[in-house]
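Worksheet for the structure shown next.
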Amino acid sequence: MLKSRTLIFVLCAFLLALTCAQAAPTPAKAGAPAASQEVSVPILLYHRFGPTVADGMTIKTSVFEEHLKYLRDNGYKVIPLRTLVDYYLKKGPAPAPKSVVIVEDDAHKSVYSDMLPLAKKYNVPVTVFVYPSAISNAKYAMTYEQLRTLKKNGFDIQSHTFWHPNFKKDKKKMTPTEYEKSVTTQLKKSKERLEKEVGGTVDLLAWPFGIYDDYLLKRAGELGYKATFTIEAHHASPRDNVMKLPRYLLINSDQGKNFARILEGTAPKRNVVY
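For the sequence shown, the positions run -23 to -1, 1 to 251 when mature numbering (1 follows the signal peptide of the UniProt record, and there is no 0) is used.
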């Protein structure tokens, strides 16, 4: 009788151990990015600011501040774009949940007058994508001195080509040789000019009008760009390629619930006239 009880006890202990082993979570593979399945980062793209909506790409300065307040009050963390890129390049950890990136295209003068003070007030990093032909030249754009001031205040200055071409139109009207030369000039000259005038490494590129194709992606990589950016409206996730990362092109009506839905990734698709 004693032997039978002992045998039953051993059998029960074995079954209990087996059940626990099956219920235990599978250990993560060594070297796997931390919480890679949870990475979902909205990249918020702005263009210009002002007291009124002058055009489709203008966002009221007050609305931009509302965005920053909402991010702060709802537990979002604005991280440098470089932090997100480093994750894709396997040079850094996965961004934490509720991470957000803020960027600007074109280096409009209102970035200096309106965006900079608010970025300092709320202590958020910003990346500005610049096409140098306008800098210290066009009335609507900043000067190089202002760009250097941005950089001193933590802004990252990156490329938006040299003069913001429409590559789709250029490809149709140019010969293959002319087009290839033009693409090289746009990507290379912008990088060289910004590095000379502002300093630092320029290896991130935002495609003008969101236009890109396999040739453009390949050429950008050959000329030293580590990541490029589109205007495809969804969160950056592990499924995305570092050479065509998505961004939300924001407009002034992205307020309140509309802005919250963008951050949540539940905003309806729309056609924004660029």
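Quick reminder that beta carbons are idealized off the backbone N, C-alpha and C, glycines included. In this text, all values refer to a predicted model and were calculated from it rather than measured experimentally.
{"Query": "Name the DSSP beta bridge partners of Arg25, please?", "Result": "Thr35"}
{"Query": "Under 8 angstroms from any heavy atom of the ligand SAH, does the C-beta of Tyr53 make it?", "Result": "With respect to the ligand SAH, the structure offers nothing, as it holds no ligand at all."}
{"Query": "What would DSSP say about Asp191, mapped onto helix, strand or coil?", "Result": "helix"}
{"Query": "Give the DSSP bridge partners of Val107, in chain order.", "Result": "Ser136"}
{"Query": "Can you tell which of Glu172, Glu169, Phe206, Glu174 has the C-alpha that lies nearest to the C-alpha of Lys187?", "Result": "This sequence places Gly at residue 187; Lys is not what is there. The shortest C-alpha separation from Gly187 is found at Phe206."}
{"Query": "In three-state DSSP terms, what is Asp231?", "Result": "coil"}
{"Query": "Please go through the same chain and pick out, in chain order, the residues whose beta-carbon is closer than 8 angstroms to the beta-carbon of Gly69, but skip the five residues on each side of it.", "Result": "Thr60, Asp63"}
{"Query": "Alpha carbon to alpha carbon, how far is Phe236 from Ser184? Give it in angstroms, no decimals.", "Result": "Looking at the sequence shown, residue 184 is not Ser but Trp. Answer to the nearest angstrom: the Cα atoms are 24 angstroms apart."}
{"Query": "Which class does Lys66 belong to by DSSP, given the choice of helix, strand or coil?", "Result": "Here residue 66 is Leu; the residue named in the question, Lys, does not match the sequence. Coil, per DSSP."}
{"Query": "If you pair each beta-carbon of the stretch 156 to 164 with each one of the stretch 121 to 135, do three or more pairs fall below 8 angstroms?", "Result": "no"}
{"Query": "By the DSSP assignment, the alpha helix (DSSP H) with Asp82 in it spans what residues?", "Result": "That residue, Asp82, is in no alpha helix (DSSP H); its beta strand (DSSP E) goes 76 to 82."}
{"Query": "Going by DSSP, what residue range makes up the alpha helix (DSSP H) through Ala96?", "Result": "93 to 98"}
{"Query": "Should Ala7 go down as buried or exposed, given a rule of 16 or more other Cβ atoms within 10 Å for buried?", "Result": "Confidence in Ala7 is poor, its pLDDT being 32 and thus under 50, which makes the residue's placement too unreliable to answer from."}
{"Query": "If you pair each beta-carbon of the stretch 32 to 52 with each one of the stretch 82 to 97, do three or more pairs fall below 8 angstroms?", "Result": "yes"}
{"Query": "Compare the C-alpha of Ser17 against each of Asp217, Tyr117, Met151 and name the closest.", "Result": "Asp217"}
{"Query": "So, helix, strand or coil for Ala204, using DSSP?", "Result": "strand"}
{"Query": "Using DSSP with H/G/I as helix, E/B as strand and the rest coil, what is Tyr121?", "Result": "helix"}
{"Query": "Rounded to whole angstroms, what's the CA-CA distance from Pro74 to Leu193? Just pull it up for me.", "Result": "32 angstroms"}
{"Query": "Bridge partners of His85, per DSSP?", "Result": "Ala118"}
{"Query": "Going by other Cβ atoms of all chains shown within 10 Å of its Cβ, with 16 needed for buried, is Asp32 buried or exposed?", "Result": "exposed"}
{"Query": "Buried or exposed: where does Leu93 fall if 16 or more other Cβ atoms within 10 Å of its Cβ makes it buried?", "Result": "buried"}
{"Query": "For a test of the three-state rule: what should DSSP assign to Tyr156, helix, strand or coil?", "Result": "helix"}
{"Query": "Quick check: His137 and Asp83, are their CB atoms within less than 9 angstroms of each other?", "Result": "yes"}
{"Query": "Below 8 angstroms CB to CB, which residues in the same chain sit around Ile112 once its five sequence neighbours on both sides are set aside?", "Result": "Ala84, Ala118, Met119, Thr120, Tyr121, Leu124, Glu174"}
{"Query": "Which residues bound the beta strand (DSSP E) around Ala183?", "Result": "181 to 183"}
{"Query": "Which term fits Lys168, buried or exposed, when burial requires 16 or more other beta carbons within 10 angstroms of its beta carbon?", "Result": "buried"}
{"Query": "According to DSSP, is Val101 part of a helix, a strand, or is it coil?", "Result": "coil"}
{"Query": "Please name the residue in Asp133, Lys116, Ala115, Lys165 whose C-alpha comes closest to that of Phe139.", "Result": "Lys165"}
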